[in-house]
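For the sequence shown, the UniProt record's numbering gives the first residue as 1, with consecutive numbering after it. Backbone N, C-alpha and C fix where the C-beta goes; we use that ideal spot for every residue, glycine too.
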Amino acid sequence: MTEQPHVHPVRDDIAANAWVDNAKYLAMYQQSVDDPEGFWAEQAKRLDWIKAPTRAKNTSFARDNVDIRWYEDGTLNVSANCLDRHLETRGDKPAIIWEGDDPNESKTLTYRELHARTCQLANAMKELGVKKGDVVTLYMPMIPEAAMAMLACARLGAIHSVVFGGFSPDALAQRVIDAESKLIITADESVRGGKQVPLKDNVDAALTRKGAEVAESVLVVKRTGGDIDWHEGRDVWFHERVDGQSTDCPAEEMNAEDPLFILYTSGSTGTPKGLKHTTGGYLTYAAMTHQYVFDYHDGEVYWCTADVGWVTGHSYIVYGPLANGAITLMFEGVPSYPTHGRMGEIVDKHNVSILYTAPTAVRALMAHGDDVMASSKRDSLRLLGSVGEPINPEAWEWFYRVIGNSQCPIVDTWWQTETGGIMISPLPGATELKPGSATRPFFGVRPALVDNEGHLLEGATDGNLVILDSWPGQARSIWGNHERFVQTYFSTYDNMYFTGDGCRRDEDGYYWITGRVDDVLNVSGHRMGTAEIESSLVAHDAVAEAAVVGFPHDIKGQGIYIYVTLNDGIDPSDELKKELTQWVRKDIGPIASPDVIQWAPGLPKTRSGKIMRRILRKIAANETDGLGDTSTLADPSVVDELIANRATH
Ligand code: 6R9
């Protein structure tokens, strides 16, 4: 990238009212890295503790002793911090504004109502046998009950594991089994874009899988009233069990390092990992980043368009905003329904000030031209945010100009499931914006770039993005497998957390994330391991071998390109391509739908049998002029064959 970016200076009107301007950012940042103990001890005061911590940080990234603890002698309850403590000051103010898939459906829950409903649900969960330390799986639509269920778990000290409602029964079963989850909370169906998704049927199917019988109860919200099967003794209607409960439920006293949730995410190898997040540090970090990055001020309506199935939904629909007493908008549907103007119409309808969304959504709207926003004014907007993948400068400028009427700064926030909260991002009152750059680190975050041997690189350069020291929101482990946690994040480079992302730092010290450097794809902001898709494909009778790579896709950011070697005697056909596409969708979920399948009589391999994905990526991207070093290939003719028969997309 040699082209000079178009710099957007800090707006005076924003800086004048912002929590931090540039001088304050620099001073606070310096303090946060010079004296993390003092800085984070002070920040902990934003929460209500039952017993205040006497120490903030106790962390080690050493590979033989990865041990991360924050506020370890403090106790608190996350649900009490998100609900109870607001009752006196803002009990009758909105907590959640819910906008249904159908534009005629919306409702508001005040803090008092959300508190009462959460207590009722927690009492119902107790009746169903849920205790402190149990794992509860949530497989839910984007309805307020999803937030209530998270908060009810937190209230009881149970650990939630939210599984995205677009995942298949097998993917759900895998997560239920891994977490040994005894209760599942779901709905009969979810509704997105006018279509029903059979959540309860999927749960039924998941629970027939071997091992999934650990789940003893299924609590079912009636969302659509659609037809479902009923398993007497296992299934319980939400309204029947919850509505009559007491609206009072004491919040369990939890240690700061007790688990709050696990959330599964894809890595470069193996099955998805359940990242474990804990209470005190996570909530401090989620609340603080929400306040500063979105420059949140009391009474503003804030809308994050993510799904609660992803970490963005956890930290920036539920925990960060509610800890701050904010008004958080929750949207059940999709930005394209009933028309592509929906997002702007929701902004107008609810007077949204802050809109946090994903580059893929912006690009999908941009493809329809500027008129797509003609049905709304969006003059309530003050700030825009982006997350999930790199945002290309064209999409950034369109987001700025068309959605934000050239009036709103954009915070491009880089972070991960593992980091719990935003790590690199502009602060609206402090940071000059360069479209495409996540800019500078948040307080307490020490990013660095290293070469492949782990040598620290200085100045303007490209490298692998690592973080040199711990921050309170960081995941503590992988559920049931600490060794894998150490292996994945702390063994590539000594004493550093490895993010898996490549990155460039420019002359101004701004960070530009360039994408994953491992075998993880980012399709429309969803993380997927190539290994997961490959293992799904080779489980099909016709498939001998499969290799999956990403390729540049105008809207999704990355598309999924699959090379398949068929078993002897199987004929390639378009029908078989369709069958394999359905197979993967059914096995993992629609988000893993292949974009392109190419038959590959052979795959390029090294003499030791390793697939050379670098070459497959180049062919998929149609960059076959610069294949680089192919001298280690066992059989170079394989590559010529693949180029000659490259599939188009
Ligand atoms: C929050 C979230 C994490 C991966 C991450 C990176 C990519 C996220 C980004 C971004 C460039 C941004 N990513 N935000 N890349 N700019 N602003 O998305 O978590 O689902 O775990 O994905 O997403 O590659 O490593 P998660």
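(message) My parser needs the beta strand (DSSP E) runs of 3 or more residues fully inside the stretch 536 to 580; what are they?
(response) 543 to 553 and 557 to 566
(request) Could you spell out where the beta strand (DSSP E) holding Gly463 opens and where it closes? (result) Thr461 to Ile467
(message) For Asp370, would you say it is in contact with chain B, using Cβ-to-Cβ distances shorter than 8 Å as the test?
(response) Any reference to chain B falls outside this structure, which holds one protein chain only.
(message) Threshold first: 4 residues or longer. Then list the alpha helix (DSSP H) segments lying entirely within the stretch 118 to 177, N to C.
(response) 144 to 156
(message) Once DSSP output is grouped into helix, strand and coil, what is the label at Gly333?
(response) coil
(message) Only counting the same chain, and skipping five residues up and downstream in sequence, which positions put a Cβ closer than 8 Å to that of Asn452?
(response) Non-local beta-carbon contacts of Asn452 in its own chain, meaning distances under 8 Å to residues more than five positions away in sequence, involve Asn464 in chain order.
(request) Would you tell me roughly how many angstroms separate the C-alpha atoms of Gly325 and Cys82, rounded to the nearest one? (result) 7 Å
(message) Going residue by residue through the stretch 205 to 236, where are the continuous beta strand (DSSP E) segments of at least 3 residues, counting only ones entirely within it?
(response) 217 to 221
(request) Since I believe Thr108 is in contact with Pro94 (beta carbons under 8 Å), could you give me their beta-carbon distance rounded to a whole number of angstroms? (result) 5 Å
(request) For the stretch 402 to 436, list the alpha helix (DSSP H) runs that are entirely contained and at least 4 residues long, ordered along the chain. (result) Listed in chain order, nothing qualifies, since the stretch 402 to 436 has no complete alpha helix (DSSP H) run of 4 or more residues.
(message) If you follow the beta strand (DSSP E) that Ala326 is in, where does it begin and where does it stop?
(response) Where Ala326 is concerned, there is no enclosing beta strand (DSSP E), given that its DSSP letter is neither H nor E.
(message) For the alpha helix (DSSP H) containing Cys503, name the first residue and the last one.
(response) Note, Cys503: premise wrong, no alpha helix (DSSP H); beta strand (DSSP E) at Tyr497 to Arg505.
(request) Using only the heavy atoms of the ligand 6R9, determine whether one of them is closer than 7 Å to the beta carbon of Arg516. (result) yes
(request) Following the continuous alpha helix (DSSP H) through Glu99, name the residue where it begins and the one where it ends. (result) Not the alpha helix (DSSP H): Glu99 falls in the beta strand (DSSP E), residues Pro94 to Glu99.
(request) Can you tell me which of Val445, Tyr337 and Val402 puts its alpha carbon nearest to the alpha carbon of Phe39? (result) Val445
(message) So, with DSSP's three-state summary, where would you put Ser32?
(response) helix
(message) Leu521 and Ile560 - do their beta-carbons sit closer together than 8 Å?
(response) Judged by beta-carbon spacing, Leu521 lies within the 8 Å limit of Ile560, meaning their Cβ atoms are closer than that value.
(request) Let me know the secondary structure DSSP gives His277 once reduced to three states. (result) Taken through DSSP and simplified to helix, strand or coil, His277 comes out as strand.
(request) Inspect the beta-carbon positions of Ala600 and Leu633 and report whether they are closer than 8 Å. (result) Against a cut-off of 8 Å, the Cβ pair of Leu633 and Ala600 comes out as no contact.
(request) Please indicate yes or no: does the CB of Ala438 lie closer than 7 Å to some heavy atom of the ligand 6R9? (result) yes
(message) I'd like to confirm something about Ile410: is its beta-carbon nearer than 7 Å to some heavy atom of the ligand 6R9, or not?
(response) no
(message) Assuming contact is defined by CB atoms lying nearer than 8 Å, are Glu189 and Thr224 in contact in what I supplied?
(response) yes
(request) May I ask whether a heavy atom of the ligand 6R9 can be found less than 7 Å away from the beta carbon of Arg342? (result) Taking 7 Å as the cut-off, the C-beta of Arg342 does not count as close to any heavy atom of the ligand 6R9.
(message) Taking the straight line between their C-alpha atoms, what separation do you get for Asp13 and Ser524?
(response) 33 Å
(message) If you follow the beta strand (DSSP E) that Ala448 is in, where does it begin and where does it stop?
(response) In the DSSP assignment, Ala448 falls within the unbroken beta strand (DSSP E) covering Pro447 to Val450.
(message) Let me check you understand the geometry: is the CB of Gly388 closer than 7 Å to at least one non-hydrogen atom of the ligand 6R9?
(response) yes
(message) For a quick check, are the C-beta atoms of Ser573 and Val584 less than 8 Å apart?
(response) no
(request) Give the single residue among Arg504, Glu99, Ser491 and Ala438 whose Cα lies nearest to the Cα of Gly459. (result) Arg504
(request) Answer yes or no: the CB of Val311 versus the heavy atoms of the ligand 6R9, is any distance below 7 Å? (result) For Val311, the distance from the CB to the nearest heavy atom of the ligand 6R9 is below 7 Å.
(request) Would you identify the three-state DSSP class for Gly38, choosing helix, strand or coil? (result) helix
(request) Tell me where the alpha helix (DSSP H) around Gln398 begins and ends. (result) Per the sequence presented here, residue 398 reads as Trp, with Gln not at that position. Taken as a continuous stretch (DSSP letters only), the alpha helix (DSSP H) holding Trp398 covers Pro393 to Trp398.
(request) Alpha carbon to alpha carbon, how far is Asp370 from Met1? Give it in angstroms, no decimals. (result) The pLDDT assigned to Met1 is 47, lower than 50, so where the model puts this residue is not dependable; a value taken from the coordinates is nonetheless given after this. Met1 and Asp370: Cα-Cα distance of roughly 27 Å.
(request) Check whether the stretch 397 to 406 touches the stretch 367 to 387, counting contact only when three or more Cβ pairs, one atom from each stretch, lie closer than 8 Å. (result) yes
(message) Check whether the stretch 551 to 568 and the stretch 410 to 418 touch, using three or more Cβ-Cβ pairs below 8 Å as the test.
(response) Taking 8 Å as the limit for Cβ pairs, the verdict is that the stretch 410 to 418 does not touch the stretch 551 to 568.
(message) Which residues does DSSP list as the beta-bridge partners of Asp67?
(response) Ser60
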